[in-house]
Structures are given as structure tokens and as C-alpha cells.
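All residue numbers for the sequence shown refer to our numbering, where the first residue is 36 and numbers rise by one. Read the structure below first, then the notes.
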Amino acid sequence: SNETGCDGRLVAYTSSQGHSSIEKAMMVAGLGSDNLRLIEVDAAYAMKPDVLAQQIEADRQAGLIPCFVCATVGTTSSNAMDPVQAIGEICRENGLWLHVDAAMSGTAALCPEFRHFQDDLELADSYAFNPHKWMFTNFDCDCFWVADRAALIKTLSILPEYLKNQATESGAVFDYRDWHVQLGRRFRSLKLWFVIRHYGVEGLQYHVRRHVELAQQFAGWVETDPDFELAAPAPLNLVCFRHKAGDDFNRALMDRLNQSGELYLSHTVLSGQYTLRLCVGQTWTEAEHVQRAWQRIRNEAAAVMGDR
Numbered sequence: 036s037n038e039t040g041c042d043g044r045l046v047a048y049t050s051s052q053g054h055s056s057i058e059k060a061m062m063v064a065g066l067g068s069d070n071l072r073l074i075e076v077d078a079a080y081a082m083k084p085d086v087l088a089q090q091i092e093a094d095r096q097a098g099l100i101p102c103f104v105c106a107t108v109g110t111t112s113s114n115a116m117d118p119v120q121a122i123g124e125i126c127r128e129n130g131l132w133l134h135v136d137a138a139m140s141g142t143a144a145l146c147p148e149f150r151h152f153q154d155d156l157e158l159a160d161s162y163a164f165n166p167h168k169w170m171f172t173n174f175d176c177d178c179f180w181v182a183d184r185a186a187l188i189k190t191l192s193i194l195p196e197y198l199k200n201q202a203t204e205s206g207a208v209f210d211y212r213d214w215h216v217q218l219g220r221r222f223r224s225l226k227l228w229f230v231i232r233h234y235g236v237e238g239l240q241y242h243v244r245r246h247v248e249l250a251q252q253f254a255g256w257v258e259t260d261p262d263f264e265l266a267a268p269a270p271l272n273l274v275c276f277r278h279k280a281g282d283d284f285n286r287a288l289m290d291r292l293n294q295s296g297e298l299y300l301s302h303t304v305l306s307g308q309y310t311l312r313l314c315v316g317q318t319w320t321e322a323e324h325v326q327r328a329w330q331r332i333r334n335e336a337a338a339v340m341g342d343r
């Protein structure tokens, strides 16, 4: 079943804040969602390496086979940064495949001052980030790397007679059909090439730095307001915050804001509390937009309070 899997012995690991696609991958691969261990996180919502190591050992003692760990550089809910170095060392010691999911925050590595979030990435077996999230590229576009492409190709390569050709057999070309599940694939890299050609490295760096600057400014306003609080650290361009009046209040506040047509917030739940999320990531976003958003948030909060 989707829950128990075909074999029931192979076990994978990610944090309790890991992306839902990992659970889906467990079901698609026949490993079963019950065999995905959601590792406890710390106060900053990053995976605890010591808990990971303990869980791996416990599963081995139970006769199971630990095989895969997904660390996240910028979780979807709060942009938490899992400690790649510590997790990578555990994976090396135990012979587990380490994948690093940097879906949105991987773009920050364009700027040298943000690369420390991905220190010791050489410990990873695979890595992915999505330019369609923060690198101004139309959906969908994912960049995927592997440390050993031979392992990937050996796993996914099938060469029926109708696909045989001289270029493939001579090794003159890379057949990317052997790097992923599908056979045919769109020319996704072209749109990314256009983005890089248009902005250049310095242009991309400018926007990333500006977005982080604006988000940090917004986080500062939240911190100094007596009615609001940060729900999680804001290392880059995503700010998780909430009004101190409680979950129902924050739900009503977000509904009013999103119906206004002037801004759009999303939500998550952190430590059992309903949390609002503001992300700065568009090329046309300027300081005045973020200032106006904060003022609208405060005005709507006052209106919700008045309705009580």
C-alpha cells in the first residue's frame, strides 16, 4: 500500500518541516509513507542531527535498512536551514544517500555572503533548487545535480532498439532521458539561459540582496510592534509572523488582507500556532510596496480588533 510500501524495510528521513513531495516520492517509489521518519527540529525549525543519528541507529536495531536522508536549505514553512555539515557526516558514516533540497533558498547562493547556508555541500549526493521560485524564471524549472552521475544513469538507463544511435553509443552526447523518470522532456533550460543572459550575475545578485534587505526591514517592524511577533527566524526573504491576539484573529486578518487585492499572504502552522507569511521575491518589488503592505496589515488588524 502507499503507507507500508512493497518491502517495508527501507527507511528514509527528513525533518518534520520537510516538503510534502518527499512523502509522495516515498509512495511512488514503493517505499511507503510509513517508512519516512520525520525528525524533530530545534527552536529555529532546523533538523536536529543528534535525533537523526539516534533514529537511524534505532531503525538498524529493529532490522530495518536506512537508505536516504533529505536535508532542507530553506524549508517551505519558515525558511529554516538544516545543518548540512552535521547531517552529511552522519550520512557518510552510515552509508546513506543525502539529498539537499534548496528549492527557493538555493538562489541566495548567487551572493557570497549567503553561501554559508550551504557549507559542506560536497557531502551531498544530490542537490536541487528551483529557479522558478526566486530566480525570476517561468514555471517550471528545477536545477538538479548529482555527485556521481553514474549511479543515477545506472539506475534509470533503458536503451530499446528504437532509441539506439551512434552519438549515444559513442558517448558523444549526454542522454538526459537516463537522468530522470520521463523519456521526453521540454527545453526548460532555454528560459533559464535567457534569464541569466538578461540580468547577468550582478543583476541577479542585486535583486536577491534587495529582497533580503526589504524582508529584513519588514521583520524589524514586526519585532518592534507591540501587537505582532516573529514566529521564526528570518534568515533571507521570507518572514513568518503573527498577531498576538491568537489563531482566529490571524485567520480573519489574513482573509481581510487577501481580499483587499493590495497584497497576498500565505500561512503555515508553527509550534501549533497559525502563522502568516510574507515573502519578497519579485523583480518589481520596491521599498514602498513593503511599507504599504505593513501599513495595510496594521490597519486591517485594527479593523479586525474593532469587529470583536
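Note that CB positions come from ideal geometry on N, CA and C, so glycine has one too. A quick note: this is a predicted structure, and the numbers were derived from the prediction, not measured.
Shown here, SER56 sits in a helix according to DSSP, grouped into three states.
One alpha carbon belongs to VAL86, the other to TRP319, and they sit about 42 Å apart.
In this structure, PHE284 and VAL257 do not form a Cβ contact; the two beta carbons are roughly 15 Å apart against a cut-off of 8 Å. The straight-line gap separating the alpha-carbon atoms of PRO268 and LYS199 is approximately 53 Å.
Its chain contains ALA163 as the residues whose beta carbon lies nearer than 6 Å to that of PHE179, once the 5 sequence neighbours on both sides are disregarded; these appear in chain order. The C-beta distance from VAL104 to LEU131 rounds to 5 Å, short enough to meet the 8 Å contact threshold.
Excluding the 5 residues flanking it on each side, LEU73 has same chain C-beta neighbours closer than 6 Å at SER51, in chain order. Spatial neighbours of ALA336 in its own chain (CB-CB distance under 6 Å, excluding positions within 5 residues in sequence) are listed in chain order as HIS278, LEU288. Residue range 282-295 is occupied by the alpha helix (DSSP H) that includes LEU292, with no beta strand (DSSP E) assigned at that position. CYS126 sits in a helix when the DSSP states are folded into three classes. In the three-state DSSP reduction, SER51 falls in the coil class, being neither helix nor strand.
Taking a contact to require three or more Cβ pairs closer than 8 Å, the segment 99-115 and the segment 133-148 qualify as touching. Taking a cut-off of 8 Å on C-beta distances, the segment 89-104 does not touch the segment 236-256, as fewer than three cross pairs fall below it. Beta-bridge partners of LEU73 (DSSP): THR49. Bounds of any beta strand (DSSP E) do not take in LEU145, whose DSSP letter is neither H nor E.
Within a 10 Å sphere around the beta-carbon of VAL208 sit fewer than 16 other beta-carbons, which makes this residue exposed.
The beta carbon of LEU305 lies closer than 8 Å to those of TYR80, SER112, SER113, ALA266, ALA267, CYS275 in the same chain, with the five residues before and after it left out. VAL119 counts as buried, since no fewer than 16 other beta carbons sit within 10 angstroms of its beta carbon. Annotation for PRO101: the continuous beta strand (DSSP E) segment containing it runs 100-107. ALA202 carries a helical assignment under DSSP once its states are collapsed to helix, strand and coil. Inside the segment 192-275, DSSP marks whole alpha helix (DSSP H) runs of 4 or more residues at positions 201-205, 223-259, from first to last along the chain. In the three-state reduction of the DSSP assignment, GLN326 falls in the helix class. When DSSP reads this structure, ALA163 sits in a beta bridge with ASP136, PHE179. With a cutoff of 8 Å on beta-carbon distance, LEU271 and MET170 are scored as not near each other.
Residue environment: VAL247 is assigned as buried (16 or more neighbouring CB atoms within 10 Å of its CB, all protein chains considered). A direct Cα-to-Cα measurement between GLU38 and LEU71 gives close to 10 Å.
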